[in-house]
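Reading through the C-alpha cells given below for one structure.
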Amino acid sequence: MDNRISAWKFCHVLHKVLREGHPQCIADSYRHISTIEDLGKLWGHLRDPYGKLIQIYSRLLITKIQFHKRNPRIPGNLTLTADELDAIGENDVNNYFQLSVEMFDYMDEILALQSAIFGSLDMSRSNSMTSCGQCRLAPLIPLIQDSSQLYDICVKFLFKLHASLSVDLLSGHRQRFLAQFQSLRLFYEAAAVLQYFKSLIQVPTLPENPPNFLIQAELGSYVTPVVILPPEEDTISEASDLVDLAAPNGNHSPIGLIAGRDSLIEHLQSELKRSRAEIARMASEHEIIVLKLNDKISKMEMQLLSKETELENEKKARFDFQHSELLKMQEAEKRAKLMEEKFLKLKEIYTKLRDEHIQLIRQKADVDKQLSTIQCQQSDLNEKMKLESLALELAKLQATVDSISEQKLALERKLREISEENQSIEQLLLTKETERSEACEKAAAAEKEIEKKDNLLKELFDKIIIECKEIVKNAIHEVDNPAFSSATCSIDYFRSLARSLEKSMANLEREPRAAERIVDLAHATAGLVVLGKAVSNTAPDIDFGDKMSDRCKGVGQSCLQVFEDSLPPDPAISTSISVMRQTLQELLDMSEQLQAMLQAGSSESVGEMVESELAAMDKAIEEAARRIEEMLSNSRAADSGIKLEVNEKILDSCTGLMQAIRILVQKSRVLQAEIVAKGKGSASVKEFYKRNHQWTEGLISAAKAVGMGANYLLEAADEVVTSNGKLEKVIAAAQGISASTAQLVVASRVKADRGSAALNELTQASKGVTAATATALTAASACSNLIDSAQDDLDMSKLSLHNAKRLEMESQVRVLELENLLTKERLKLAALRRHHYSLSPESDQPLPL
Numbered sequence: 001m002d003n004r005i006s007a008w009k010f011c012h013v014l015h016k017v018l019r020e021g022h023p024q025c026i027a028d029s030y031r032h033i034s035t036i037e038d039l040g041k042l043w044g045h046l047r048d049p050y051g052k053l054i055q056i057y058s059r060l061l062i063t064k065i066q067f068h069k070r071n072p073r074i075p076g077n078l079t080l081t082a083d084e085l086d087a088i089g090e091n092d093v094n095n096y097f098q099l100s101v102e103m104f105d106y107m108d109e110i111l112a113l114q115s116a117i118f119g120s121l122d123m124s125r126s127n128s129m130t131s132c133g134q135c136r137l138a139p140l141i142p143l144i145q146d147s148s149q150l151y152d153i154c155v156k157f158l159f160k161l162h163a164s165l166s167v168d169l170l171s172g173h174r175q176r177f178l179a180q181f182q183s184l185r186l187f188y189e190a191a192a193v194l195q196y197f198k199s200l201i202q203v204p205t206l207p208e209n210p211p212n213f214l215i216q217a218e219l220g221s222y223v224t225p226v227v228i229l230p231p232e233e234d235t236i237s238e239a240s241d242l243v244d245l246a247a248p249n250g251n252h253s254p255i256g257l258i259a260g261r262d263s264l265i266e267h268l269q270s271e272l273k274r275s276r277a278e279i280a281r282m283a284s285e286h287e288i289i290v291l292k293l294n295d296k297i298s299k300m301e302m303q304l305l306s307k308e309t310e311l312e313n314e315k316k317a318r319f320d321f322q323h324s325e326l327l328k329m330q331e332a333e334k335r336a337k338l339m340e341e342k343f344l345k346l347k348e349i350y351t352k353l354r355d356e357h358i359q360l361i362r363q364k365a366d367v368d369k370q371l372s373t374i375q376c377q378q379s380d381l382n383e384k385m386k387l388e389s390l391a392l393e394l395a396k397l398q399a400t401v402d403s404i405s406e407q408k409l410a411l412e413r414k415l416r417e418i419s420e421e422n423q424s425i426e427q428l429l430l431t432k433e434t435e436r437s438e439a440c441e442k443a444a445a446a447e448k449e450i451e452k453k454d455n456l457l458k459e460l461f462d463k464i465i466i467e468c469k470e471i472v473k474n475a476i477h478e479v480d481n482p483a484f485s486s487a488t489c490s491i492d493y494f495r496s497l498a499r500s501l502e503k504s505m506a507n508l509e510r511e512p513r514a515a516e517r518i519v520d521l522a523h524a525t526a527g528l529v530v531l532g533k534a535v536s537n538t539a540p541d542i543d544f545g546d547k548m549s550d551r552c553k554g555v556g557q558s559c560l561q562v563f564e565d566s567l568p569p570d571p572a573i574s575t576s577i578s579v580m581r582q583t584l585q586e587l588l589d590m591s592e593q594l595q596a597m598l599q600a601g602s603s604e605s606v607g608e609m610v611e612s613e614l615a616a617m618d619k620a621i622e623e624a625a626r627r628i629e630e631m632l633s634n635s636r637a638a639d640s641g642i643k644l645e646v647n648e649k650i651l652d653s654c655t656g657l658m659q660a661i662r663i664l665v666q667k668s669r670v671l672q673a674e675i676v677a678k679g680k681g682s683a684s685v686k687e688f689y690k691r692n693h694q695w696t697e698g699l700i701s702a703a704k705a706v707g708m709g710a711n712y713l714l715e716a717a718d719e720v721v722t723s724n725g726k727l728e729k730v731i732a733a734a735q736g737i738s739a740s741t742a743q744l745v746v747a748s749r750v751k752a753d754r755g756s757a758a759l760n761e762l763t764q765a766s767k768g769v770t771a772a773t774a775t776a777l778t779a780a781s782a783c784s785n786l787i788d789s790a791q792d793d794l795d796m797s798k799l800s801l802h803n804a805k806r807l808e809m810e811s812q813v814r815v816l817e818l819e820n821l822l823t824k825e826r827l828k829l830a831a832l833r834r835h836h837y838s839l840s841p842e843s844d845q846p847l848p849l
C-alpha cells in the first residue's frame, strides 16, 4: 500500500501464480478480490504513471479471477484440448455464445493494460534495455500467453457458432473480434521488436487478415498461434541479479543443480504433454474436418441425386409431351389419309360416271344417226301404219334419250357434290392447322401473361417488405433521438401494445405470405419500440433505462429479421418469430422490474437530498473559513516569536486553501446548474436528480466528503494553534480535503459537455485547489523545520562512554518503538480506507468516470 513498485510487482507475481500455480490458487483468490480492488483504487488516485498501471492491472486480475470462478473447468493457463473445449461447451450454442462474450471482455482488459504500458514508456529514458523500462514491460509476458490462448479459443468458438446460427445474429461478435484482432496484432508486432523479449519469449505472429467465419472451410487452414518460452535454466541465469544462487565457496550448490535438473525435467514433461495434447487436438480437428467434408460430400451427392431425379422427371415429361404430340400428328395423318382415300374413291366413281356418260352420249349419237337413216329410208313411205310404228319407235327412243339425260344430270349433280365435299375436307384440314398454330400462340401468350403477373406480384411484395422495414428502422432511429428523451408512457399501455404485437406475430405465422399481416406487424412493432423508449425514460436508474432502450431496439432488429425471412421463394419465419417473441418477453420482464422500482420509490428523496447536502457543504466551508480567520486574529493578539510565526504560516495557508475550495465549489454549482438545465427538459430539477439517481448519489457523496474534510482541517489547525497539535495532522487534513474536492470535480464533470465554458472554469478552479494544497503542505513542512531548529541540540561534550552508550541504546529502542508504531498505523490506515470504501455509495454503484 506504500510503494508503487512493490504494488506493481505484486500484481505481476499474482498473475503468474494464477496462471502457473496450483489450481486451488484461483479458488482461494476469490475471497481476496476486495483487497485487490482496494489496491487499484488506492493507487488509481495518483497521477504517477505507475498508479494508473496498477489500477488497470488490478482490474485485469479481478476479471481473470471472476472468469475462472464462473468457468472452473478452464485452467489458469487457458490451455485446453479440442475435446476439453467440446466438453466445456457441451455442444450447446448458448454456452459458446456466452463464453465468447466473457472471453471478449477478458481480452479487452488485456489489451487495455498493454496499451497503457506502452503508452507510459518514455523512449528517451525508459526503454526496454533499462531497469525502469524492463520493470514495466515484464508483465507483458503473461499477457502474451493469456491473449494467444484466448484468441485461439475465440476463433474456434466463433466457427462453431457460425455453423449453427444466422449471420446477422453474430454480427456483434464479429465486430468485437475484428477490433480485438487488429489491436492484438499491433500488440504482438510492438512486443516482437523489443530487445528485452528476444531471450525471454518468442512472440506469436498473426496473419494479415482475420479468419472469415462465413466460410467454414477456412477452419481447416487456421493456424494456432504458438508462444514459446526458453528453458527454465535460462530464466534462472537471467534472474541471478535478483537471487544469489551460488554457494559461499563460489561453487554451485548441488541442491540448486538438482532443482534445476528437476525443473528442466518438469519443463520437458510439460512440453511433451503439451505436444501430445497438441497432436491429439490436431488429430481431433482433422477428424472433424474429414467428418465435415464427408458430410458435405454426402449433401452434394444428395443434391446431385435430387438434380438427376429432377432431370429424369423433366426428360420423362418431355418424352410424354413429344409422344402425345406424335400421337396427335399420327392421328391427323391417319385422318388425312382416310380423307385422301375417300377422295380417290370419289374420284374413281366420278371417272367411271364420266366414262358412262360419254358412252351414253355416243349411243345417243348412234341412235340419232340411225333415226336419220330411217327417216331418209322411210321418207318415201306413205303408208300410215309404218308412220305410226315409226312414231311409236321414235317415242320409245325419245323416252330412252330423256332417261339417259336425266341419269347424266344426276351424275353431274353427284359429281359436283363430291367435288364440294372434297373442297370442304381440304378447307377443314387447313382450318384445323390454323387453329392448332393459333392455340399454340395463345398458350405461349397466356404463359407469358401469367409469368408477368407473378413478377408484378413479387415486385409488389418486395416493395411492401421494404416499406415495412423502413417503418421499423425509423422507429429504431427514434430511440436514439435526443429530442425524444423527455417523452414518457405508462407501463400498462405499453403492455397492451405488446399484446397487440403478439397477435400480429401469431397472424403472420399462420399466413406468412399475407401482405396485410406483414404491414400489421410493422406498425405494431414500430409503436412498441417508440413507446418502449418512452417507458424507459421513466426509469430512475439511467443504466437500466439504457438497457431497456437497447432491448426495444432488439425487438425492432428481430422484426427486421422476420421480414428478411418472409421473402420468397421459401418463406420460413417460424424461427425468426420465435426469436422475436423471446426478445419481446425479455422487454416485458424489464418493464415489470421498472414497475417494481417505481412502486418501491427507493429514490424518491434523492432530488431533495442533493440540495440539502450541497447547502450543508457550503455552510461547512463558510464556517471553516470564518473560524480560521478568527484563530489567526486571536493568535496575533496572544502569541509571539516562533509560535506566532508558525501559527501565521499555518493559518494563512489554510485560509488560502479554503478560499480556493470556496471558488471551486461555486464553479461546481454553476456547472451543475448548467447540466440540470440542459438535461431536465420540461421536467423539474428534483425529477432530473431522481432520474439520474446514480450520478446524484455520487454528487451527494462528494458533497459530504468536502464538508467533512473542511471540519477536519479546522480541527487540525485549531489543535496546532491552541494546544501544540501535530503538524502532520494538518498535512493529512489538507491532503484529505484536496482529494474530496477532486471527487466533487469528477462528479460534476461526468455529465458536462466537453466544450462547456463552465467546465473550463471548474478545471481552472481545480488547479487552484491543487496549488493551494501544495502551499499548505510546504508551509507545514517549513514550520516543522523551524520548530526543529529552535530546539537545543544535544550537548555531547560532557557525556562519558557509559552515558553515551546508554543514550544510544535508548535512542535505538525509541527508533524501534516508532517503527513498530508506524507499521501499526499504516495497517490501521489501510483498514480505515477499506472500511470507508465499503461504506461509500460508490461501493454499490460506482461513479462513472
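Mapping of the sequence shown onto UniProt numbering: position 558 corresponds to residue 558, and the numbering continues sequentially without gaps. Yeah, the Cβ is synthetic: ideal placement off N, Cα and C, and Gly gets one too.
Contact annotation: the region 129–140 touches the region 6–24, with at least three C-beta pairs closer than 8 angstroms. When the beta-carbon positions are compared, LEU150 and LEU161 stay at least 8 angstroms from each other. Every unbroken stretch of the alpha helix (DSSP H) spanning 4 or more residues and falling wholly within the region 151–197 is given here in chain order: 171–192.
PHE177 and VAL93 have their C-alpha atoms some 18 angstroms from each other. For PRO207, the number of other beta carbons within 10 angstroms of its own is below 16, and it is reported as exposed.
For ILE228, the three-state secondary structure derived from DSSP is strand. GLN145 counts as buried, since at least 16 other C-beta atoms from the protein chains shown sit within 10 angstroms of its C-beta. Contact check for PHE157 and LEU78: beta-carbon distance about 13 angstroms, past the 8 angstroms limit, so the pair fails to qualify. No Cβ-Cβ contact shorter than 8 angstroms links LYS52 with ALA112.
The Cβ atoms of ALA776 and SER653 sit closer than 8 angstroms to each other. Per DSSP, reduced to three states, the secondary structure at GLN202 is strand.
When C-alpha distances from ILE62 are compared across LYS328, ILE228, GLU37 and ARG70, the shortest belongs to GLU37. As the crow flies, the alpha-carbon of VAL167 is around 20 angstroms from that of MET103. The region 721–773 is shown to contain whole alpha helix (DSSP H) runs of 4 or more residues at 727–749, in chain order. Here the alpha carbon of GLY545 sits roughly 5 angstroms from the alpha carbon of SER536. Counting every other CB atom within 10 Å of its CB across the protein chains shown gives SER748 a total of 16 or more, marking it as buried. By the CB criterion at 8 angstroms, ALA498 and LEU584 fall inside the cutoff. The beta carbons of ASP2 and ARG826 sit about 7 angstroms from each other, so the pair counts as a contact at 8 angstroms. Sorting PRO225, SER221 and VAL193 by C-alpha distance to the C-alpha of ILE153 places PRO225 at the top. Contact between ALA522 and ILE621 does not hold, since the beta-carbon distance rounds to 59 angstroms and is not under 8 angstroms.
Rounded to the nearest whole angstrom, the CA to CA distance from PRO540 to ALA625 is 37 angstroms. In the structure shown, GLU564 adopts helical secondary structure according to DSSP, grouped into three states. Using a 10 angstroms sphere on the CB of ASP520, the tally of other CB atoms reaches 16 or more, which defines it as buried.
Under the three-state reduction of DSSP, PHE213 is assigned to coil, being neither helix nor strand.
Residues of the same chain with a CB within less than 7 angstroms of the CB of VAL155, apart from the 5 flanking positions on each side, are PRO211 and TYR222 in chain order. For HIS15, the enclosing alpha helix (DSSP H) begins and ends at 4–20.
Pairing ILE661 with ALA752 gives a Cβ-Cβ distance that is not under 8 angstroms. For the pair SER306 and SER578, the Cα-to-Cα distance works out to about 31 angstroms. Residues GLY89, PHE157, LYS160 and LEU161 of the same chain have their beta carbon placed closer than 6 angstroms to that of TYR96, with the five preceding and five following residues left out of the count. In the three-state reduction of the DSSP assignment, LEU53 falls in the helix class, which pools H, G and I. Here GLU102 carries a helix assignment [DSSP, helix/strand/coil].
For the pair ASN91 and ALA163, the Cα-to-Cα distance works out to about 12 angstroms. Classified as exposed, MET282 has fewer than 16 neighbouring CB atoms from the shown chains inside 10 Å of its CB. Secondary structure remark: continuous alpha helix (DSSP H) runs of at least 4 residues inside the region 326–350: none found. At a Cβ-Cβ threshold of 8 angstroms, ALA705 and SER740 count as neighbours.
Shown here, THR309 sits in a helix according to DSSP, grouped into three states.
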